[in-house]
Structures are given as structure tokens and as C-alpha cells.
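Undergrad: I'd like to ask some things about the structure below.
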Amino acid sequence: MTQVVSESSEGQTNGVLEMMELLCIDVLEEEEEQVLQSSDNTEPTQFSKNVLRKQRHWERKLAARKSKRKEEKLRRKLNRCSGHSEQLQISKRVTKAAAEERLAEARTNGVKVCVDLSMSHRMSDKETSRLAAQLRRLYGANKRASRPFHVFLTSLREDSRLMAECVRMNDGFLNYAMERTERSCLDVFPQESVVYLSPDAEEALEQVERDKVYVLGGLVDESVQKTLSLSRAKELGVRVARLPIDEHMRKTPNDKNFHSKILAINQVFDIMLTVFDTGSWTKALDEYFPRAKGYVVPQNNGHDDT
Ligand SMILES: C[S@@+](CC[C@H](N)C(=O)[O-])C[C@H]1O[C@@H](n2cnc3c(N)ncnc32)[C@H](O)[C@@H]1O
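Position 95 of the sequence shown, counted from 1, bears residue number 83 in the numbering used here, the numbering being contiguous throughout.
Now the structure itself:
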């Protein structure tokens, strides 16, 4: 804004200067005219020539000044633009560095969330690609989170279809700031610390605790293979819990009378991140539970749970 004002006042000053110069030419012309009239008309051509020469001289000077001003204006504009994009670059670098720092901190002190990929052989090629995309989204959400989790991918075989798809589809997958192992989750974590998340569990999860490891079943099942993660949890002999959807949401009427509590792993992950950050299930479910699943958080709920 300041820039605009100063430019316009500069423009006015330049305009006044031009006017004065033109007036000067007029005065000169008038004086020379008088000299011509008062003379005995013996040398009129010489005087007229001088006036014309001076006029041309001033015109050239004015044109040069005008183009110099234009150039200057353009240069200032370019400076402003390059300054702006430089600032943008710096702020991008700062944001990236801060995210890297948060992720590094999460790898030492963060709450552990594990994706159990031991069931990936049960998926079609298409489902495998969708799971690879969900892992990318999950990682993206973790990078943006103010309190990211320490993420583990377990039972991920290096020579598997899923691994190949993750590398093919996800830029920089091999350098993601998370742990990858071919070992099973129980080879990595003590049994008593594991809470396996399953939509079919009886127990509703109440909070996200620091000393627990939350395990997500790495599955995309377009044709639903019911209770797969529940069976896996039972096989491992670990505690199993579901998101508290019944406790905080209600069904919404829809044309197809469709209601589903089964989410993709990245959606469950978003909800867990928000609950951990805010302590509010209603806020997390309201923000991240997809409306198309046929549930909503009643509006008078007020996001004040803990
Ligand atoms: C697409 S779901 C897999 C559904 C599959 N039919 C099953 O048996 O779990 C992928 C994973 O997300 C998690 N998940 C999805 N919805 C959930 C819910 N409502 N509560 C808890 N975990 C859920 C579970 O860990 C699940 O294994």
C-alpha cells in the first residue's frame, strides 16, 4: 500500500517536472519570437532553427526520462517479486525442517502406531495399490501433525507385491521417517503393550496412551472380509478395541440406508492423531469420519469431551 502511495506521489512529482520543462520551452519560444519580431528580420531563419533545435532537444530528453522511469518501475516490480518468492522458499524450507525435527523426535519419544502387513497376501492387485496410497496419506498426515506418532510397518516383506507398489507409487518411500521390518509386530513389541484396532471389537477405545502400541490391520478389502483383524488380534492374543463411534456419533438417514463403521487405515490414523492432540473424540470424529459412511457427531455435542 505504502509502495502504491509513494509511487503515485513520485509520478505526480515527475508530471510537475515535465510540465515545468514544457513551460520552459514555451517561455524560450516566446522570448525568441519577441527577438525575431523586434529584429530587422534579417536573420529570422537562424532564430527559428535554434528554437526548433532546442525543442527537439527537450523532446528527446523527456522521452528518455519517461523510458528510464518505466524501466525503473519494472526493475522495482521484479525486485519485489523475487523477494517474495525468496521469502516463500525460505518459509517452505523452515516448515520442512520443523516437520523433520518433529518426526525425528517422534522416532525417539512418540506414541507407537504400527501397521500390521501380515495379511497383504489376501488382497488383489488393485487393493494392494490402494493400500500403498493409504500408507502415503498416513505418512503425509504424520508429517503435518503437531504431535506425530512413531510409525512402524511390520511383516513387510522386501520382495512383496506391496513393497514394490509402495516404491513405485510413493516418492521417497525408502526414505520415509518410519520403521520398516519383515518381522511380525509381536517380534518387535511386548504382547501386553499391544492394542489391536478392529471395527469388530467389543471394547471401545477411550484414550490414546503413551505406553501402548496401537496396531492397525494393513488391509483394503473392497469385498469386505469381515472380522479379519479381530481374528488376527485373537491369534496374537492381544487386547483389541474399536473406535468409539457408537458412543459419540449417530446414524444419518440416507437414500441407500448405508451405514458403515469400517474406515481406511489413514482415516483411523487421522482420528487417532487428533484425539491424541486434542483429547476430544467428538472433534476427531467430526473432522475425520467420512460423512458418506452414514454417521455424524450430533451438533449439540460441543466437542468438550476428554
Ligand atoms: C479397511 S479396515 C479392514 C477391515 C477388515 N474387514 C477387518 O477385518 O478389519 C483396515 C484397518 O483399519 C482399522 N479400522 C478400520 N475401522 C476401524 C474401526 N471402526 N475401529 C477400529 N479400527 C478400525 C483396523 O485396524 C482395520 O484392520
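By construction, the Cβ of each residue, glycine as well, lies at the ideal position given by its N, Cα and C atoms.
These numbers were taken from a predicted model, which means no experiment stands behind them.
By DSSP, does residue 190 sit in helix, in strand, or in coil?
TA: coil
Undergrad: Quick one: Cα of residue 200 to Cα of residue 69, how far?
TA: Counting only the Cα atoms, residue 69 lies some 50 Å from residue 200.
Undergrad: Any heavy atom of ligand 1 inside 8 Å of the beta-carbon of residue 184?
TA: yes
Undergrad: Please classify residue 281: is it buried, with 16 or more other beta-carbons within 10 angstroms of its beta-carbon, or exposed?
TA: buried
Undergrad: Can you give the Cα-Cα distance for residue 182 and residue 226, rounded to whole angstroms?
TA: 6 Å
Undergrad: Under three-state DSSP, which class holds residue 127?
TA: Residue state, collapsed to three classes: helix.
Undergrad: Can you find the residues in the same chain that come closer than 8 Å, C-beta to C-beta, to residue 141, ignoring five residues on each side of it along the sequence?
TA: If we look at residue 141 and ignore the five residues flanking it on each side, its Cβ neighbours are 102, 103, 105, 123, 166, 167, 168, 169 and 206.
Undergrad: How would you call residue 30, buried or exposed, if buried means at least 16 neighbouring beta carbons within 10 angstroms?
TA: Reliability fails at residue 30, whose pLDDT of 46 lies under 50, so the model's placement of it is uncertain and the value that follows must be treated cautiously. Its Cβ having fewer than 16 others within 10 Å, residue 30 is exposed.
Undergrad: For residue 109, write down the residues that DSSP places opposite it in a beta bridge.
TA: None; residue 109 has no bridge partner.
Undergrad: Hey, is residue 187 close to ligand 1, as in C-beta under 8 Å from one of its heavy atoms?
TA: yes
Undergrad: Confirm the yes/no value for this check: CB of residue 204, any heavy atom of ligand 1, distance under 8 Å.
TA: yes
Undergrad: Go ahead and label residue 41 buried or exposed: buried means 16 or more other beta carbons lie within 10 angstroms of its beta carbon, across all protein chains shown.
TA: So residue 41 counts as exposed.
Undergrad: Rounded to whole angstroms, what's the CA-CA distance from residue 265 to residue 130? Just pull it up for me.
TA: 12 Å
Undergrad: Check this for me: beta carbons of residue 193 and residue 230, under 9 Å apart or not?
TA: yes
Undergrad: How many angstroms separate the CA atom of residue 191 from the CA atom of residue 82?
TA: 42 Å
Undergrad: Can you name, in chain order, every residue of its own chain whose Cβ lies under 6 Å from the Cβ of residue 84, other than the five neighbours on each side?
TA: none
Undergrad: Cutting at 7 Å between CB atoms, please list the residues of its own chain near residue 162, excluding the five before and the five after it.
TA: 155
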